[in-house]
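What follows is a single structure, written as structure tokens, with notes after it.
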Amino acid sequence: MKLAFQIAKRFLLASKRQTIVIILGIAVGVSVQVFIGALIAGLQDSLVNTTIGSRSQITINIEDEYITGYNELIDTIKDSSENIRVITPTITTSGSLIKNSNSEIIVLRGFEFDSADNIYKLTEKLTEGSTLPDEDNEILLGINLKENLGIDIGDTVEFDSAIYDNRDFKVVGFFDFEVNEINNTWTISTINTVQAIIEQGDVVGNIEMQLNEVFDAEDFTKTEIAKNIDNKYNISTWISENESLLSGLQGQSISSLMIQIFVIVSVVLGISSTLAITVLQKSKQLGILKAMGIQDSDASLIFLFEGLLLGIFGAIVGLLLGIGLLYAFTTFSGTDIPISFDLGFLALSAGIAIAASMIAALIPALKSRKLSVIEVIRNG
Amino acid sequence: MASILSLRKINKTYGENTKNPTKVLFDVDLEFEESSFNSIIGQSGSGKSTLLNIIGSLDRPTSGNIYFKEEDLGKLSNKQLAEFRNRSLGFIFQFHYLLPEFTAMENVLMPYRISKKEITEDVTSRAEELLDIVGLGNFKHKLATNLSGGQQQRVAIARSLINNPSIVLADEPTGNLDSDTTEKVYELLRDINKKFKTTFIIITHDRTVAEKTDRVIEIKDGKVYLDISKQKTL
Ligand SMILES: Nc1ncnc2c1ncn2[C@@H]1O[C@H](COP(=O)(O)OP(=O)(O)OP(=O)(O)O)[C@@H](O)[C@H]1O
Ligand SMILES: [Mg+2]
Chain X
1 MKLAFQIAKR FLLASKRQTI VIILGIAVGV SVQVFIGALI AGLQDSLVNT
51 TIGSRSQITI NIEDEYITGY NELIDTIKDS SENIRVITPT ITTSGSLIKN
101 SNSEIIVLRG FEFDSADNIY KLTEKLTEGS TLPDEDNEIL LGINLKENLG
151 IDIGDTVEFD SAIYDNRDFK VVGFFDFEVN EINNTWTIST INTVQAIIEQ
201 GDVVGNIEMQ LNEVFDAEDF TKTEIAKNID NKYNISTWIS ENESLLSGLQ
251 GQSISSLMIQ IFVIVSVVLG ISSTLAITVL QKSKQLGILK AMGIQDSDAS
301 LIFLFEGLLL GIFGAIVGLL LGIGLLYAFT TFSGTDIPIS FDLGFLALSA
351 GIAIAASMIA ALIPALKSRK LSVIEVIRNG
Chain Y
381 MASILSLRKI NKTYGENTKN PTKVLFDVDL EFEESSFNSI IGQSGSGKST
431 LLNIIGSLDR PTSGNIYFKE EDLGKLSNKQ LAEFRNRSLG FIFQFHYLLP
481 EFTAMENVLM PYRISKKEIT EDVTSRAEEL LDIVGLGNFK HKLATNLSGG
531 QQQRVAIARS LINNPSIVLA DEPTGNLDSD TTEKVYELLR DINKKFKTTF
581 IIITHDRTVA EKTDRVIEIK DGKVYLDISK QKTL
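Residue numbers (this note's numbering), protein chains in the order written: chain X, 1 to 380; chain Y, 381 to 614.
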């Protein structure tokens, strides 16, 4: 074992140039893997983030009814799953806003800002001069409503609900979600404001959540929650509502996997062909060692160790190269392309390269067994 | 004198399962005594190397038996044969055959390390002593590739002795050395034979060299043609 390792080391050091070329070959493979992997993961993260980053990922409600005792319900839900990152009650009604001769149909949403802000990131989306409502009947409006209604911060608008009494709201600001549908229709106020309009007491319409692991929403978190709450509640997840997004993400994951596989295959082919040549180059040495009585298994180990050493150094150089590439890319490309940098992924890439090198070394290792001593001695 | 090695009806055919098999050795019977100094001569192609490789368990005979002391080598597995070679045999080949990536000292220690025993001070000083004996005390840490042909051959001799083998097999060990060096190498082998009681079986095409050995075996067309032992002088 020790001897095989030392012979492997010596063989590699004796032909430095060849060793460096193989290491660079592995390194290029690893760095491509790191670079592409970080890029794809980054794109995926940003896609997930723009699509579901600022909305509810699991929503609980009762069909055609409001939820009473929602604070207890929230506590129960919180306790049922570790995956819940934020949970907040919301209440929603609709009507139109009237200012002078202008009128717009809107959705009036009541938020508990402390927690809701963690889902909707409202504070980041406020326009210049806007503040969050801190008194009842203060509202925030979608930025498009500013033009459509011809209003500004400090103005008062009338809310006309077809069913309930009309109200006067004070405009404290505007938000921009960069989504027209929301910018055209959303009006946000406190929960109290909406509760007062619908006159049902302390109730809410939805319990909304965001998760740590968004992809666990349907299969894990939903089930965990369902076990603990009454089945009169509907639980819907972003996954069941976004099948096309999901298949897009899956497509990306598969293409990422394909790239990984191609990189591994090329690394394996590269190493095994070069190591196969080494067996030929070192056949004289192997012949001598065998004549002196080295066991076949130890002779094979020499090549496995060569593979291991090449893999380890290739992986290290490859990681550095990959990180350097990512750094250069983010610094100098001037684009906004997101990069997701994950230590686990780096370790995986390195591990795969090392394992691939070992597998590649298996072929020459087995080949070395077949080498006959007399052939070597005869042919000088 | 006790017999250390006996060959019984050794036959060797190369390419047995091919269209034109060549039979190289025919019913060779030989007996070697402990601590003896033997030479094998014969024309090129007569089968000397074939015979020596079979004796050295580098190749198996097509038929016949080899006994080392009482043990039938034909019954050993490849793994056991490798162990046997490592423990009991030393090889010196015509073309030096050192490991060029290692120093003289490391080459000498290689058979010992292959035996998977820990390197001790005893064995390193033994290796140094052997290198001194072959006159290379000052070249211990030189890479094998940087040594001259004769120096490499002498390192190979030191290496063949490190595990205290019972038998040293040499195939034209001086084949590509000048006559002065050849002379020195044989004197060295002879000294070692006397000093360590190691059995030597040496192939040579040089009759003057052969005449200095205790016993000359001539192989002709794959058979023992002559087998002359010198009268032991006291
Ligand atoms: N692996 C082999 N396959 C086929 N024929 C072989 C093989 N090895 C040796 N021979 C043949 O066997 C015969 C004996 O060869 P061997 O090498 O034993 O001769 P030798 O006496 O050592 O000759 P030299 O003095 O030239 O070294 C030769 O005719 C050779 O061609
Ligand atoms: Mg020969």
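Note that CB positions come from ideal geometry on N, CA and C, so glycine has one too.
Is the shortest distance between the beta-carbon of Y/K455 and the beta-carbons of chain X less than 8 Å? Chain X contact via Cβ: absent.
Cα-Cα separation between Y/E411 and Y/S457, rounded to whole angstroms: A direct Cα-Cα distance of roughly 23 Å separates Y/E411 from Y/S457.
Beta carbon of Y/S437: closer than 7 Å to some heavy atom of ligand 1? Closer than 7 Å to some heavy atom of ligand 1: that does not describe the Cβ of Y/S437.
Listed in chain order, which residues of the stretch 216 to 240 of chain X have Cβ atoms closer than 8 Å to some Cβ of chain Y? Of all residues in the stretch 216 to 240 of chain X, none is placed with a Cβ closer than 8 Å to any Cβ belonging to chain Y.
Start-to-end residues for the beta strand (DSSP E) that takes in Y/T561: Segment S559 to F576 is the alpha helix (DSSP H) holding Y/T561; no beta strand (DSSP E) there.
Can you tell me where the alpha helix (DSSP H) holding X/D298 begins and where it ends? Secondary structure note for X/D298: its alpha helix (DSSP H) is the uninterrupted segment D296 to F332.
My assumption, with CB atoms under 8 Å, is that X/N118 sits in contact with X/V157. Please give the rounded CB distance. Between X/V157 and X/N118 the Cβ distance is about 28 Å, and since that is not below 8 Å, they are no contact.
Going by alpha carbons, who is nearest to X/S130 out of X/L140, X/E147, X/G173 and X/D165? Closest option to X/S130, Cα to Cα, is X/G173.
Own chain residues within Cβ distance below 6 Å of Y/L614, not counting five before or after: Below a pLDDT of 50, predicted positions are generally treated as unreliable, and Y/L614, at 43, falls in that range; no measurement from the model is reported.
Neighbourhood of X/F169 by C-beta distance below 6 Å, restricted to the same chain and skipping five residues each side: Once the five neighbours on either side are set aside, the close Cβ partners of X/F169 are N137, I139, V157 and F159.
For X/V108, three-class secondary structure by DSSP: A small fix is needed here, since residue 108 of chain X is Leu in this sequence, not Val. In this structure, DSSP gives X/L108 an extended state, which the three-state scheme calls strand.
What is the DSSP secondary structure of X/M1, counted as helix, strand or coil? Coil at X/M1, not helix or strand.
If you measure between the beta carbons of X/A217 and X/Q57, is that distance less than 8 Å? Cβ distance < 8 Å, so X/A217 and X/Q57 count as in contact.
is_contact[Y/N391, chain X] using C-beta, thresh 8 Å: Chain X has no Cβ within less than 8 Å of the Cβ of Y/N391.
DSSP three-state call for X/T278: helix, strand or coil? In the structure shown, X/T278 sits in a helix (DSSP, three-state: H, G or I).
Between X/R109 and X/T59, which are expected to be in contact by the criterion C-beta below 8 Å, what is the C-beta distance as a whole number of angstroms? Contact annotation, X/R109 with X/T59: C-beta distance approximately 13 Å; criterion of less than 8 Å not satisfied.
Going by beta carbon distance, what residues of the same chain come within less than 8 Å of X/E147, once the five residues before and after it are set aside? Answer for X/E147: no residue qualifies.
Nonlocal neighbours in the same chain, by C-beta distance under 8 Å from X/I77, ignoring five residues either side: I60, I84, I87, I207, M209, I225, N228 and I229.
Distance CB(Y/I420)-CB(Y/I547) smaller than 8 Å: Taking 8 Å as the Cβ cut-off, Y/I420 and Y/I547 do not qualify as a contacting pair.
Taking only the alpha-carbon atoms, compute the straight-line gap between Y/L606 and X/T278 and give it to the nearest angstrom. In a straight line, the C-alpha of Y/L606 is about 45 Å away from that of X/T278.
C-beta neighbour in chain X for Y/N544, strict 8 Å: Chain X, which has no Cβ nearer than 8 Å to the Cβ of Y/N544, makes this no.
By DSSP, does Y/K449 sit in helix, in strand, or in coil? Y/K449 falls in the coil class under three-state DSSP.
Measure the alpha-carbon distance for Y/F519 versus Y/K428 and round it to whole angstroms. So the alpha carbons of these two residues sit roughly 33 Å apart.
When burial is assigned at 16 or more other CB atoms within 10 Å of the CB, is Y/F580 buried or exposed? With 16 or more Cβ atoms within 10 Å of its Cβ, Y/F580 is classed as buried.
Check X/V268 in the structure and name its three-state DSSP category. Helix, per DSSP.
So with Cβ pairs under 8 Å, would you call Y/N397 a contact of chain X? Not one chain X Cβ lies under 8 Å of Y/N397.
Leaving aside the five residues before and after X/I359 along the sequence, list all residues of the same chain whose C-beta is less than 7 Å from its C-beta, in chain order. Within the same chain, X/I359 has close Cβ partners V268.
Could you pull the DSSP bridge partners for X/N61 from this structure? BP columns for X/N61 point to X/N234.
If I'm right that Y/V488 touches Y/V535 with Cβ under 8 Å, what's the distance once you round it to whole angstroms? Confirmed, Cβ separation roughly 6 Å.
Taking X/L3 as the query, report the chain Y residues whose CB atoms sit under 9 Å from its CB, ordered along the chain. Here the neighbours are M490, R493, I494 and K496.
Buried or exposed by the 16-neighbour rule on C-beta atoms within 10 Å, applied to X/V21: Within a 10 Å sphere around the beta-carbon of X/V21 sit fewer than 16 other beta-carbons, which makes this residue exposed.
Within the stretch 199 to 248 of chain X, note down every full alpha helix (DSSP H) run reaching 4 residues or more, in order along the chain. Runs of the alpha helix (DSSP H) spanning 4 or more residues and lying entirely within the stretch 199 to 248 of chain X occur at 222 to 228 and 238 to 241, in chain order.
DSSP on Y/K496, reduced to helix/strand/coil? For Y/K496, the secondary structure class from DSSP, reduced to helix, strand or coil, is coil.
For the putative contact between Y/L510 and Y/Q533, defined by C-beta atoms under 8 Å, what is the C-beta separation to the nearest angstrom? By a beta-carbon distance limit of 8 Å, Y/L510 does not contact Y/Q533. Their separation comes to about 14 Å.
With respect to 7 Å, is the separation between the Cβ of X/R378 and the closest non-hydrogen atom of ligand 1 below this value? Indeed, a heavy atom of ligand 1 lies less than 7 Å from the Cβ.
If Y/Y447 and Y/S386 are in contact, beta carbons under 8 Å, what's the gap, nearest whole angstrom? The C-beta separation of Y/Y447 from Y/S386 comes to about 5 Å, placing the pair in contact by the 8 Å criterion.
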